[in-house]
Amino acid sequence: MKLRTALTTVALAGSIAAVSAPAMARDTINIVGSSTVYPFATVVAERFGRNTDFPTPKLESTGSGGGLKLFCDGVGTQHPDITNSSRRMKKSEFESCQANGVKAITEVRIGADGIVIANSKDSKKLDLTLEQIFLALAKEVPNEAGDKLVANPNKKWSDIDSSLPNYEINVMGPPPTSGTRDAFVEIAMEGGCKKFDMIAKLEKTDEEKFKSICHSMREDGPFVEAGENDNLIVQRLAQDKNTLGIFGYSFLMENSGQIQASTVNGVEPTPETIAGEEYPVARSLWFYVKNAHVGVVPGIKEYTAEFTSEGAWGDNGYLVDVGLIPLPREQRMAMAKKVKALEPMTGNEL
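For the sequence shown, the positions run -4 to 345 when my numbering is used.
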């Protein structure tokens, strides 16, 4: 054990000089991050642990933002090796990593996912537009004259459009630390927000104000933050037919016997419409590797090789069975090559 600790310390010496806490030897890969990517990473980790001589990686669902913060806090075995994310790393997060000594990071895009707005199969299936979604969930919306913003007055879906159900707006969704929340506000809320001329004009004149309006979810009850556990949302939908939930397409597939997805702008979320970007609320899924930990914590390179193998993320791979929508083959091949070489990000990608 003393020899192992000494070797570990030597291997890390060049990259963790600024780390205050001493690095401890660790045999198990530590993965944090997105609750949406968590089911896919768990399947890979379990197979990896079963079929290799390495221990099964330890996974923790912290949300994309929470995972990236932990990942970027520093180099050394007291910090995570890999973080999953249901959105791309932000420029500010990359800069935080760099400032904390996490210099070499390999970015892996693993596939696509749609964000669904679902309800119980015992309820009426909804057909929503991005504009209606914004009017239901935004903190402030344009008044009837369309010349100023007011606190969201819509209490029932029928307040937005008489064709929608005459029951109260009650939507459960992820917290701000979640990549699903980030993607939802950037794609769905912003997409609906732009339908209003008075707000759309701000995008060019005052981008900060534009984003503040479009990304601010209401806090008066109709939208409820449900934490990082999407399964809790699914359970609530099964119990209450008038509640809707926001989560990744893979959770819809896992629970398709109980819940159904609303169409958005008339498009049903399916693997085909999500991969083809026809479904309006689609996003990419990622994980990030701390290159300084490769060769120090055993099995990182082998784990990433398993995740990016055709048997896992390919068109007929086992991850498709749990809801992953694969990248086109050429993109997969290029990404797998980049992962094998541990090609580091430059920051210019973001």
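Heads up, the beta-carbon is just placed ideally off N, CA and C, and yes, glycines get one too.
Which residues DSSP lists as bridging residue i, in chain order
| i | result |
| --- | --- |
| Gln230 | Gln230 is not bridged to any residue. |
| Asn25 | Lys53 |
| Leu255 | In the sequence as displayed, the identity of residue 255 is Gln instead of Leu. Asn114, per the DSSP bridge assignment. |
| Gly243 | Ile110 |
| Glu220 | Gly168 |
| Ile269 | Per DSSP, none; premise fails for Ile269. |
| Ile182 | According to DSSP, which records beta bridges pairwise, Ile182 is partnered with nothing at all. |
| Val315 | Val315 pairs with nothing; no bridge assigned. |
| Val262 | Val259 |
Counted within 10 angstroms of its Cβ, other Cβ atoms place residue i as buried (16 or more) or exposed
| i | result |
| --- | --- |
| Gln127 | buried |
| Pro171 | exposed |
| Lys285 | buried |
| Gly387 | Here the chain has residues from -4 to 345 only, and residue 387 is not among them. |
| Asp177 | buried |
| Asn356 | This structure gives no information on residue 356, because the portion of the chain shown stretches from -4 to 345. |
| Arg45 | exposed |
| Asp117 | exposed |
| Arg324 | exposed |
| Ala16 | Note that Ala16 scores a pLDDT of 39, beneath 50, so its modelled location is shaky and nothing firm can be said. |
| Ala329 | exposed |
| Gln326 | exposed |
| Glu214 | exposed |
| Asn161 | exposed |
| Gly61 | buried |
| Thr428 | Because the chain here runs from -4 to 345, residue 428 falls outside it and cannot be looked at. |
| Leu227 | exposed |
| Ala195 | exposed |
| Val317 | exposed |
Neighbourhood of residue i by C-beta, 6 Å cutoff - its chain only, sequence neighbours within 5 removed
| i | result |
| --- | --- |
| Gly342 | Phe89 |
| Phe129 | Met184, Gly187 and Cys188 |
| Tyr33 | Ser56 |
| Phe66 | Pro75 and Thr78 |
Own chain, CB closer than 7 Å to residue i, minus 5 neighbours either side, in chain order
| i | result |
| --- | --- |
| Asp68 | His74 and Asn95 |
| Trp281 | Ser80, Arg83, Glu102, Val103, Arg104 and Ile105 |
| Asp22 | Pro50 and Pro293 |
| Phe246 | Asp225 and Val229 |
| Leu54 | Ile26, Tyr33, Ala36, Thr37 and Ala40 |
| Val334 | Thr101, Val103, Thr299 and Thr303 |
| Glu272 | none |
Top-ranked residue by Cα proximity to residue i, from the options
| i | options | result |
| --- | --- | --- |
| Thr31 | Ile241, Ala300, Gly309 and Lys86 | Ile241 |
| Ile110 | Val259, Lys120, Arg213 and Leu337 | Val259 |
| Ile77 | Ala36, Asp215, Ala107 and Phe43 | Ala36 |
| Lys236 | Asn311, Asn224, Asn165 and Lys53 | Asn165 |
| Tyr244 | Arg231, Glu267, Thr238 and Lys206 | Glu267 |
| Val291 | Leu63, Asp48, Thr72 and Leu65 | Thr72 |
| Leu132 | Ala287, Ile24, Lys151 and Met193 | Lys151 |
| Gly168 | Gly312, Ser304 and Gly222 | Gly222 |
| Lys64 | Ser304, Ser87, Glu181 and Thr265 | Ser87 |
| Ala20 | Glu297, Leu322, Thr299 and His288 | His288 |
| Ala336 | Glu297, Asp108 and Gly141 | Glu297 |
| Lys190 | Thr47, Gly141 and Leu322 | Gly141 |
| Tyr283 | Ser157, Val315, Ala99 and Leu314 | Ala99 |
Cβ neighbours of residue i in the same chain (closer than 8 Å, five flanking residues each side left out)
| i | result |
| --- | --- |
| Glu135 | Leu144, Val145, Ala146, Asn147, Ile208 and Ser211 |
| Ile254 | Ala113, Asn114, Ser115, Lys116, Val229, Leu232, Ala233, Gly240 and Leu247 |
| Lys206 | Glu185 |
Any C-beta of chain C under 8 Å from that of residue i
| i | result |
| --- | --- |
| Asn79 | Any reference to chain C falls outside this structure, which holds one protein chain only. |
What are the uninterrupted segments assigned as beta strand (DSSP E) that are 3 or more residues long and contained completely in the stretch 118 to 167, given in chain order? Runs found: 135 to 137 and 144 to 146.
Curious, which full-length beta strand (DSSP E) runs of at least 3 residues does the stretch 276 to 310 contain? Correct list: 277 to 285.
Which whole runs of the beta strand (DSSP E) in the stretch 29 to 108 are 3 residues long or more, in chain order? Within the stretch 29 to 108, the complete beta strand (DSSP E) runs of at least 3 residues are 77 to 80.
In chain order, each beta strand (DSSP E) run of at least 3 residues that lies wholly inside the stretch 184 to 218: Correct list: empty.
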